[in-house]
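Going from the sequence shown to this note's numbering is simple: count from 1 and add 718.
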Amino acid sequence: MDWHLLGLSFITVFLSELGDKSQLAAIALSGRCHSPRAVFFGAAGALLLTSLLGALAGGAVAELLPTSLLKAIAAVGFAILAARLLLFNNQPSADFEKTP
719 MDWHLLGLSF ITVFLSELGD KSQLAAIALS GRCHSPRAVF FGAAGALLLT SLLGALAGGA
779 VAELLPTSLL KAIAAVGFAI LAARLLLFNN QPSADFEKTP
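Pasting the structure below:
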């Protein structure tokens with residue numbers, strides 16, 4: 719096992735998951751119920767499953783495409799998302815407008 723890759727993956731996912739919407743949902747669920755342990759195991763299981771699917775999909779795609787192309791696609795995708803957030807997200811959506 720590549721321990722460096724394991725540690726890097728752990729740190730990257732741990733830092734990216736802090737304060738995201740799934741963690742906020744787990745906080746809300748555990749605050750409303752009497753079994754925070756069930757919320758923990760449900761949230762942990764969901765994160766494990768999504769991580770497994772991501773790793774399997776990433777491994778399959780990595781066999782088809784070179785790593786440099788995958789990195790370029792990811793960089794372009796993040797750049798498009800950043801540009802969209804910066805340039806085209808000035809109007810509040812109808813979902814977040816305050817009702818009188």
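Heads up, the beta-carbon is just placed ideally off N, CA and C, and yes, glycines get one too. Predicted model, so just to flag it, every value in this text is computed and none were measured.
Three-state secondary structure assigned by DSSP to residue i
i    : result
G737 : coil
T817 : In this predicted model, T817 has a pLDDT of only 49, less than 50, meaning its place in the structure is not dependable; the value taken from the coordinates is given anyway. If DSSP states are grouped into helix, strand and coil, T817 belongs with coil.
L783 : coil
H675 : Summary: the structure shown does not reach residue 675, with the chain confined to residues 719 through 818, and so no result is reported for it.
S759 : One detail in the question is off: residue 759 reads as Phe in this sequence, not Ser. Of the three classes helix, strand and coil, the one that applies to F759 here is helix, per DSSP.
F806 : coil
S753 : coil
heavy atom of the ligand GTP below 6 angstroms from residue i C-beta
i    : result
A762 : The model depicted lacks the ligand GTP and carries no ligand whatsoever.
Among the options, nearest to residue i - alpha-carbon criterion
i    : options                   : result
F759 : L783, A744 and L723       : A744
A724 : K789, V794 and A773       : The sequence given here places Leu at residue 724; Ala does not occur at that position. Checked all of K789, V794 and A773; the closest Cα to L724 is A773.
I791 : G776, L771, L804 and L803 : G776
Nearest-angstrom Cβ-Cβ length linking residue i and residue j, presumed shorter than 8 angstroms
i    : j    : result
L747 : V757 : 5 angstroms
L788 : A780 : 7 angstroms
V794 : S769 : Incorrect: roughly 24 angstroms between the Cβ atoms, too far for contact.
S727 : A761 : Contact doesn't hold; Cβ gap of about 19 angstroms is too wide.
Would you call the region 729-740 and the region 761-775 in contact, with 3 or more CB pairs under 8 angstroms? yes
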